[in-house]
Structures are given as structure tokens and as C-alpha cells.
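Letter by letter, the sequence shown follows residues 1 to 115 of the numbering used here. One structure below.
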Amino acid sequence: MPLKITKEMSSHLIKFVRAVDVSFNPFDMRTRSARELLRQVQSERLLRSNTKLKVNAIIQSTPNAPSVKFTFVDGTDVSFDSREYLAGEMLMDVWRTTMKMDDDFELEGKNVDDM
């Protein structure tokens, strides 16, 4: 059975993300998953949950491949060549990374709201 991320979980886990950079050419058909991911991370619920989240849409006019980059509160980055992933697959990887961060913060006695 696949991992199920509830709205409450994603509202908490998004606090571990500092920035999302989505780079794409809007006229290129390879950008579907990048545009869908951009739509999802710009949802009002996620932006309200993490007021420090910066979502950057980088519109290109060149035929470069679409890319997505997540920056986390601990300074690490995760980048995706979004041609090879569905939006849900990229988000699931991010949720797994943030769940591990949440566990580490809890063990160290840190609070993500203080970061």
C-alpha cells in the first residue's frame, strides 16, 4: 500500500521547505509535470501553512529542459528534471525528505517554526 499524505501532514511538512524554483518554457509540452507541481505548491493552504515559503516560477524562452528545485530549512537542495517525473512523484520524494527532517528535528529537540 503506498504512503498516503493527508492535508494535515502536508500542511506541517511544507514548513520544512524554504523555496521552490520551477523553471520551464510554457510552450513546451515536456513541462506538464513542472506546471502541475507549481500549481500544487502555490495552493492557498500550503502558502498559509508556511508564510516563509518562496515559490519562484522561472519562465524561459529557450528549449531547455524543465526543472524543479526544492530548498529546505537545513540548507539542502533536491533538484528534479521534471520531464522524467510526474508532479505526484516529485512531491512524494519531497514529503519523504521532510518526514526524515521532522524526525531528526524531533530527536534533536528543534522546532521547525524557530528556523
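Glycine residues also receive a C-beta, built at the ideal position from the N, C-alpha and C atoms.
Practice item. Compare the Cα-Cα distances from glutamine 40 to each of Ser11, Phe27 and Lys4 and report the closest residue. Key: Among Ser11, Phe27 and Lys4, the Cα nearest to that of glutamine 40 belongs to Ser11.
Review point. Apart from the five residues on each side of it in sequence, which residues of its chain come closer than 7 Å, Cβ to Cβ, to glutamine 60?
Key: So the qualifying residues of the chain are Ser23, Phe24 and Asn25.
Check your understanding: Mind pulling the alpha helix (DSSP H) runs of 4 or more residues that sit fully within the region 7-36?
Key -> Whole alpha helix (DSSP H) segments, 4+ residues: 7-13.
Review point. In chain order, what residues of the same chain have a beta carbon less than 6 Å from the beta carbon of glutamate 36, not counting five sequence neighbours either side?
Key: Correct list, in chain order: Ala87.
Review point. I think leucine 16 touches methionine 101, with their Cβ atoms under 8 Å apart; what is that distance to the nearest whole Å?
Key: Correcting the residue identity first, residue 16 is phenylalanine in this sequence and not leucine. Right, their Cβ atoms sit about 5 Å apart.
**Study point:** DSSP three-state assignment for alanine 116, whether helix, strand or coil
**Key:** With the chain running from 1 to 115 in the structure shown, residue 116 is simply not present.
Check your understanding: How about methionine 92 and leucine 3: are their beta carbons less than 8 Å apart?
Key -> In terms of Cβ geometry, methionine 92 and leucine 3 form a close pair [threshold 8 Å].
Review point. Who does threonine 71 pair with in a DSSP beta bridge?
Key: In DSSP, threonine 71 forms a bridge with Ala19 and Asp77.
Point to revise | Residue range of the unbroken alpha helix (DSSP H) whose run includes serine 49 | key: Taken as a continuous stretch (DSSP letters only), the alpha helix (DSSP H) holding serine 49 covers 44-49.
Review point. Along the chain, where does the alpha helix (DSSP H) that runs through leucine 3 open and close?
Key: Element bounds for leucine 3: n/a, residue is neither H nor E.
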